[in-house]
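Asker:
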Ligand SMILES: C[S@@+](CC[C@H](N)C(=O)[O-])C[C@H]1O[C@@H](n2cnc3c(N)ncnc32)[C@H](O)[C@@H]1O
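Residue numbers (this note's numbering): 6 to 390.
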């Protein structure tokens, strides 16, 4: 039995056709989930490239499960998405060198990927290397050496997007994150985790996938949507326990629960600062997950935003003064942007619960670098009433 092929969520004959298509064909048809996933990649890479490629002399992206670079109904595959995001970036002439290393297990898909790259314009700053066919687990260490180019400090972003749970256990993700500026963008199979976590004999795979037993608590939850979110949270907890920053984004169709999650793991809070805008861009309501049918919605933050977690976190500062940098980093950890922070501060200030104490004069209410004093509702209450 093949567990974990994403399309196993589709029942009956359609599922069989999809599974066969993925197994037998070099190139297969895209689906709405893939489009959303690639939108997340593009938005994240836009920000990552602008920050990293103007700061460091070179950086590397490793697409560890690259696929053939194209879908048979036309859209580009992930490696081509990365290259195009670079080539079409408005700041790309100012970029330093980007190495793009692609690994794919099947020779026919490697050949197709080469063909797809040959169709792209060349750039001296973009160094593309399609590796001979190989499996990620066997090649990871060699790829890591290639990616770092002799410097542990080289920023390396790993895209880990397999078809199944077994190809990317936690030990491998940890290996990718072993250097100080490494990051991983990982496809977490929450639908399969939800469906198979209680199957006989599957617990070993689960424990290897999570790098521990902490997934077991989640199985007490029966509701599909809640359980999938809880698996994502448990996985992120495993990353936090390693001292990493992490973000998550559920990819779903319409109002169904997520089919899978994209998980970002990074050593740097700056990584989270790129992640939060991506998720808010694709999901104006909560910044937690996009539905495939709303991913193209043009509006950014005009919809009512859910900023309750940030509101609660700021209220907890009552009785203290906080520097802008502290508040901004707290917001980023809660997957919110500075824009949301200012919105919540406006709201608290209107209730008398937040005051800018420094600087006294400023052109905007909450300039970067300011200091804010927080009060509790009791401090504001009129004693006479
Ligand atoms: C989900 S697809 C990748 C899709 C691609 N990342 C994209 O977004 O367009 C997974 C790909 O990984 C390949 N693959 C499966 N197991 C692998 C392994 N252990 N190592 C490397 N590639 C593998 C499959 O042949 C398939 O092309």
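For glycine and all other residues, C-beta sits at the position ideal for the given N, C-alpha and C.
Please state whether DSSP places residue 376 in a helix, a strand or coil.
Answerer: Residue state, collapsed to three classes: strand.
Asker: Under the three-state reduction of DSSP, which class applies to residue 381: helix, strand or coil?
Answerer: DSSP places residue 381 in coil when its eight states are reduced to three.
Asker: Does the segment 184-193 come within contact of the segment 90-106, defined as at least 3 CB pairs closer than 8 Å?
Answerer: No: fewer than three Cβ pairs fall under 8 Å.
Asker: Per DSSP, residue 359 is paired with what?
Answerer: 379, per the DSSP bridge assignment.
Asker: What's the C-alpha gap between residue 52 and residue 275?
Answerer: Each residue's Cα considered, the two are about 10 Å apart.
Asker: Quick one: measure Cβ to Cβ for residue 266 and residue 237, integer angstroms, because I've assumed they're closer than 8 Å.
Answerer: Confirmed, Cβ separation roughly 4 Å.
Asker: Output the boundary residues of the beta strand (DSSP E) element that contains residue 225.
Answerer: Looking at the DSSP string, residue 225 is not in any beta strand (DSSP E), and its letter there is neither H nor E.
Asker: What number of angstroms, rounded off, separates the C-alpha of residue 313 from the C-alpha of residue 351?
Answerer: The alpha-carbon atoms of residue 313 and residue 351 are separated by roughly 14 Å.
Asker: How would you call residue 225, buried or exposed, if buried means at least 16 neighbouring beta carbons within 10 angstroms?
Answerer: That one is exposed.
Asker: From residue 250 to residue 345, what distance separates their C-alpha atoms?
Answerer: Cα to Cα, the separation comes out at about 19 Å.
Asker: For residue 25, count neighbouring Cβ atoms within 10 angstroms of its own Cβ and tell me buried if that reaches 16, exposed if not.
Answerer: Its Cβ having fewer than 16 others within 10 Å, residue 25 is exposed.
Asker: Determine the DSSP secondary structure at residue 305, reduced to helix, strand or coil.
Answerer: Because residue 305 carries a pLDDT of 30, less than 50, the predicted location of this residue cannot be relied on, and the following value inherits that uncertainty. Note: residue 305 maps to coil in three-state DSSP.
Asker: First and last residue of the beta strand (DSSP E) that includes residue 163?
Answerer: That run of the beta strand (DSSP E) goes 161-165.
Asker: Does the beta-carbon of residue 171 have 16 or more other beta-carbons within 10 angstroms, so that it is buried, or is it exposed?
Answerer: Exposed, by the Cβ-count rule.
Asker: Would the beta-carbon of residue 213 fall within 8 Å of that of residue 167?
Answerer: No; because the gap between Cβ atoms is not below 8 Å, this pair is not in contact.
Asker: Grab me the residues of residue 303's own chain with a C-beta within less than 6 Å of its C-beta, minus the 5 sequence neighbours each way, in chain order.
Answerer: Any reading at residue 303 needs caution, since the residue's pLDDT is 32, under 50, leaving its predicted position unreliable; the model's value is listed next. Contacts found: none.
Asker: Sorted by chain position, which residues of the same chain lie with C-beta nearer than 6 Å to residue 115's C-beta, five sequence neighbours on each side aside?
Answerer: If we look at residue 115 and ignore the five residues flanking it on each side, its Cβ neighbours are 109 and 138.
Asker: Is the distance from the Cβ of residue 381 to the Cβ of residue 324 below 8 Å?
Answerer: Contact: yes.
Asker: What residue does the beta strand (DSSP E) around residue 194 start on, and which one ends it?
Answerer: Taken as a continuous stretch (DSSP letters only), residue 194 belongs to no beta strand (DSSP E), as it is neither H nor E.
Asker: Determine contact between the segment 146-154 and the segment 33-51, defined as no fewer than three beta-carbon pairs at a distance below 8 Å.
Answerer: No, they do not touch.
Asker: Give the secondary structure of residue 252 by DSSP, where H, G and I count as helix, E and B as strand, and everything else as coil.
Answerer: Three-state result, residue 252: strand.
Asker: Looking only at its chain, what residues have a beta carbon closer than 6 Å to the beta carbon of residue 300, apart from the 5 residues adjacent to it on each side?
Answerer: Caution applies to residue 300, whose pLDDT of 43 falls short of 50 and renders its modelled position unreliable; the value that the coordinates give is listed next. Excluding residues within five positions, the ones whose Cβ falls inside 6 Å are 41, 44 and 287.
Asker: Using CA coordinates, which residue listed in 263, 252 and 205 is at the minimum distance from residue 231?
Answerer: If we check each option's Cα against that of residue 231, 263 comes out closest.
Asker: Between which residues of its own chain and residue 223 is the CB-CB distance below 7 Å, once the five residues before and five after are set aside?
Answerer: Within the same chain, residue 223 has close Cβ partners 232, 235, 236 and 239.
Asker: Report the CB separation of residue 375 from residue 329 in whole angstroms; it is logged as a contact under 8 Å.
Answerer: Yes, residue 375 and residue 329 are in contact; Cβ-Cβ is about 5 Å, under 8 Å.
Asker: Which residues, in chain order, sit with a beta-carbon under 7 Å away from any heavy atom of ligand 1?
Answerer: Going along the chain, the residues that qualify are 39, 42, 43, 68, 69, 70, 71, 72, 73, 82, 83, 108, 109, 110, 111, 114, 139, 140, 141, 142, 164, 166, 167, 168 and 172.
Asker: Is the Cβ-Cβ distance between residue 64 and residue 184 less than 8 Å?
Answerer: Their beta carbons are not under 8 Å apart, which means residue 64 does not touch residue 184 by this criterion.
Asker: Whole-angstrom Cβ separation of residue 245 and residue 216, contact assumed at under 8 Å?
Answerer: 12 Å between Cβ atoms; not a contact.
Asker: Taking only the alpha-carbon atoms, compute the straight-line gap between residue 68 and residue 28 and give it to the nearest angstrom.
Answerer: Between residue 68 and residue 28, the C-alpha separation is close to 20 Å.
Asker: I'd like to know whether the C-beta atoms of residue 134 and residue 165 end up nearer to each other than 8 Å.
Answerer: Against a cut-off of 8 Å, the Cβ pair of residue 165 and residue 134 comes out as no contact.
Asker: Select from 348, 377, 156 and 101 the residue whose C-alpha is nearest the C-alpha of residue 56.
Answerer: If we check each option's Cα against that of residue 56, 101 comes out closest.
Asker: Let me make sure I understand the geometry here. Which of 281, 99, 88 and 136 has the alpha-carbon closest to that of residue 127?
Answerer: For the residues 281, 99, 88 and 136, the minimum Cα distance to residue 127 belongs to 88.
Asker: Return the CA-CA distance between residue 377 and residue 383, expressed in angstroms with no decimal places.
Answerer: Answer to the nearest angstrom: the Cα atoms are 18 Å apart.
Asker: So within the segment 57-141, which uninterrupted alpha helix (DSSP H) runs reach at least 4 residues, ignoring any that extend past its ends?
Answerer: Segments of the alpha helix (DSSP H) lying fully in the segment 57-141: 83-92 and 112-123.
Asker: Output needed for residue 327: all residues of its chain with C-beta closer than 6 Å, excluding positions within five of it in sequence on either side, in chain order.
Answerer: Once the five neighbours on either side are set aside, the close Cβ partners of residue 327 are 377.
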